[in-house]
Amino acid sequence: MNAVWVQAKMKQTPLISIVIPTYNHASFLGRALKSVTDQTYINWEVIVIDNHSSDNTNEVMESFIDPRIRYLKIHNNGVIAASRNMGIRAANGEWIAFLDSDDWWTEDKLKVCFNAINDKVDFVYHHLKMVSDKPRYLRRGLMKTPQLTVPVIMDLVLNGNKIINSSVVVRKKLLLEIGGINEDVKVIASEDYDTWLRIAKLTNNFLCVPCKLGFYGVHGNNTSNISRKDMSVTDRVVTADFIDLLNYRQKVKVEARFNYARGRFNYFNGNYREAIANLSYALFHHHNLSFKVKAFISLLNLLIFKLPHLVLHKLFAR
């Protein structure tokens, strides 16, 4: 590719800074980085922020010889938001794109997002395809994200976070205006949701590009983390300042959403009676049909496959 043509092309398009936090993900990181270097949109930079990995992450980084890639290190004490904030501060671009080190993009991701950007767009996101290292029977493959309705902040509070971190391209000035990503340990695992809520206080210009532009990697490490985390706790924290804005019917809907999250947590952790109570509340109090269906299927699975085993175990244990 002609160097003069490349430089001329880059001057015509905004610089997109890609922030990739990582920790002991050497087996995934190369795939994520290659998906960036393969982009058809060329005016990008990557900032990889490594939480002092103990695997061969250094070797993976050394294998990518590109002046657009920077490699920083941090001790984030288990707070991934600190890594992302370091990347945001180091970014030179007008736009920030987030990419988790175990996810990856299609080669036209940045190009499609750039083509969707105009003066009335501050925040772009899109669908991702879920790719698991184990069979996921009867599970969704395409993670669809809806176009949020205005006011965006109300949609996010009522319906929860449907925006996947590795799909987001957002104006850097908005991230700076909200003071970066929340590093409070009380919002760990919901820090992205908290970020979108605080950005939605500043702008309604959120745009969903309704196509698959990347892949969400599901593997043992991240699935086990999900099962150990009660997302209803952190989601309650990040939405606390907005609940008083809701009417009674809306508050019941949000409470149903929290119960569904807590029901899933209890299910994964063997607290089946508690899970049944949570999921029953979600089933009878939420107004969205697809949400009710998910709660009903989870309940059915509990009642047929889990609870009888628990009862039998207690009977024979006497």
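Here the sequence shown stands for residues -11 to 306, numbered as in this note's numbering. Even for Gly, the Cβ is constructed at its ideal location relative to N, Cα and C.
Item to check | Helix, strand or coil at Ala85 [DSSP, three-state] | outcome: As a first step, residue 85 must be located in the sequence shown, where it is residue number 97. DSSP places Ala85 in strand when its eight states are reduced to three.
Checklist entry - So is Ala14 buried or exposed if we call it buried at 16+ other beta carbons inside 10 Å? => result Taking the sequence shown and counting its residues from 1, the one referred to as residue 14 is at position 26. Label assigned to Ala14: buried.
Checklist entry - For the alpha helix (DSSP H) that contains Ser286, what are its first and last residues? => result The sequence position of residue 286 within the sequence shown is 298, counting from 1. Looking at the DSSP string, the run of the alpha helix (DSSP H) that includes Ser286 is Leu277 to Asn289.
Checklist entry - Which residues bound the alpha helix (DSSP H) around Val156? => result The sequence position of residue 156 within the sequence shown is 168, counting from 1. Careful: Val156 lies outside any alpha helix (DSSP H) and carries neither H nor E.
Item to check | Neighbourhood of Ser71 by C-beta, 7 Å cutoff - its chain only, sequence neighbours within 5 removed | outcome: Residue numbering aside, residue 71 sits at position 83 when the sequence shown is read from its first letter. Spatial neighbours of Ser71 in its own chain (CB-CB distance under 7 Å, excluding positions within 5 residues in sequence) are listed in chain order as Pro9, Ile37, Asn39, Ile62 and Asn64.
Checklist entry - Exposed or buried, Ser155, counting other C-beta atoms within 10 Å across all chains shown (16 or more means buried)? => result Against the sequence shown, residue 155 aligns to sequence position 167. Flag for Ser155 reads buried.
Next on the checklist: Can you tell me whether Tyr125 is helix, strand or coil according to DSSP?
Outcome noted: Here the question's residue 125 lines up with position 137 in the sequence shown. Summary for Tyr125: the model assigns pLDDT 47, below 50, so the residue's position carries little reliability; its value from the coordinates is reported in the next sentence. Note: Tyr125 maps to coil in three-state DSSP.
Checklist entry - With burial defined as no fewer than 16 other Cβ atoms inside 10 Å of the residue's Cβ, what is the status of Tyr236: buried or exposed? => result One-based indexing of the sequence shown puts residue 236 at position 248. Exposed, by the Cβ-count rule.
Next on the checklist: Quick test of the definition: if touching needs 3 or more C-beta pairs under 8 Å, does the stretch 184 to 194 touch the stretch 134 to 146?
Outcome noted: yes
Item to check | Span of the beta strand (DSSP E), counted from its first residue to its last, around His114 | outcome: Here residue 114 is taken as the residue at index 126 of the sequence shown, counted from 1. Residues Phe111 to Ser120.
Checklist entry - Does DSSP put Arg56 in a helix, in a strand, or in coil? => result Taking the first residue of the sequence shown as position 1, residue 56 is located at position 68. Correct three-state label for Arg56: coil.
Checklist entry - Hey, quick one: how far does the alpha helix (DSSP H) through Tyr248 stretch, first residue to last? => result In the sequence shown, counting from the first residue as 1, residue 248 sits at position 260. Segment Tyr236 to Phe256, the alpha helix (DSSP H) holding Tyr248.
Checklist entry - So which of Trp92, Arg252, Phe102 and Asp90 has the shortest CA-CA distance to Ile84? => result Start at 1 with the first residue of the sequence shown, and residue 84 comes out as number 96. When only C-alpha atoms are compared, the closest one is Phe102.
Item to check | Reference Gly75; option with closest CA among Gly205, Leu163, Ile285 and Trp93 | outcome: Taking the sequence shown and counting its residues from 1, the one referred to as residue 75 is at position 87. Considering only alpha carbons, the answer is Leu163.
Item to check | Three-pair Cβ contact test at 8 Å for the stretch 219 to 228 versus the stretch 197 to 208 | outcome: no
Checklist entry - When every heavy atom of the ligand SAH is checked, does at least one fall within less than 7 Å of the C-beta of Val112? => result With respect to the ligand SAH, the structure shown offers nothing to examine, as it has no ligands at all.
Next on the checklist: According to DSSP, Pro9 sits in a beta bridge with which residue or residues?
Outcome noted: Here residue 9 corresponds to residue number 21 of the sequence shown, with the count starting at 1. DSSP output for Pro9 lists Ile37 as bridge partner(s).
Checklist entry - Taking C-alpha atoms, which residue in Ala69, Leu3, Asn192 and Gly129 lies nearest to Asp172? => result Reading the sequence shown from its first residue, position 184 is the one you call residue 172. That would be Ala69, whose Cα lies nearest to the Cα of Asp172.
Item to check | Pairwise C-alpha distance: Val206 and Leu126 | outcome: As a first step, residue 126 must be located in the sequence shown, where it is residue number 138. As a first step, residue 206 must be located in the sequence shown, where it is residue number 218. Note that Leu126 scores 47 on pLDDT, short of 50, meaning its location in the model is unreliable; the coordinates nonetheless yield the value given after this. In a straight line, the C-alpha of Leu126 is about 15 Å away from that of Val206.
Checklist entry - What number of angstroms, rounded off, separates the C-alpha of Leu300 from the C-alpha of Ile176? => result Taking the first residue of the sequence shown as position 1, residue 300 is located at position 312. Taking the first residue of the sequence shown as position 1, residue 176 is located at position 188. In this prediction, Leu300 has a pLDDT of 43, which is less than 50 and means its spatial position is unreliable; what the coordinates show is noted afterwards. The straight-line gap from Cα to Cα measures roughly 38 Å.
Item to check | As assigned by DSSP and simplified to three states, the class of Lys217 | outcome: Indexing the sequence shown from 1 puts residue 217 at position 229. Coil at Lys217, not helix or strand.
Checklist entry - Between which two residues does the alpha helix (DSSP H) carrying Tyr260 extend? => result Residue mapping note: residue 260 aligns to position 272 of the sequence shown, counting from 1. That run of the alpha helix (DSSP H) goes Tyr260 to His273.
Checklist entry - Do Tyr113 and Ile53 have their CB atoms nearer than 8 Å? => result Counting from one through the sequence shown, the residue named residue 113 turns up at place 125. Counting from one through the sequence shown, the residue named residue 53 turns up at place 65. No. Outside cutoff.
Item to check | Residue from Arg159, Ala79 and Met118 whose Cα sits closest to the Cα of Asn106 | outcome: Along the sequence shown, read from residue 1 onward, the residue named residue 106 stands at position 118. Per the Cα distances, Arg159.
Checklist entry - What residue does the alpha helix (DSSP H) around Leu201 start on, and which one ends it? => result The sequence position of residue 201 within the sequence shown is 213, counting from 1. That residue, Leu201, is in no alpha helix (DSSP H); its beta strand (DSSP E) goes Phe194 to Val206.
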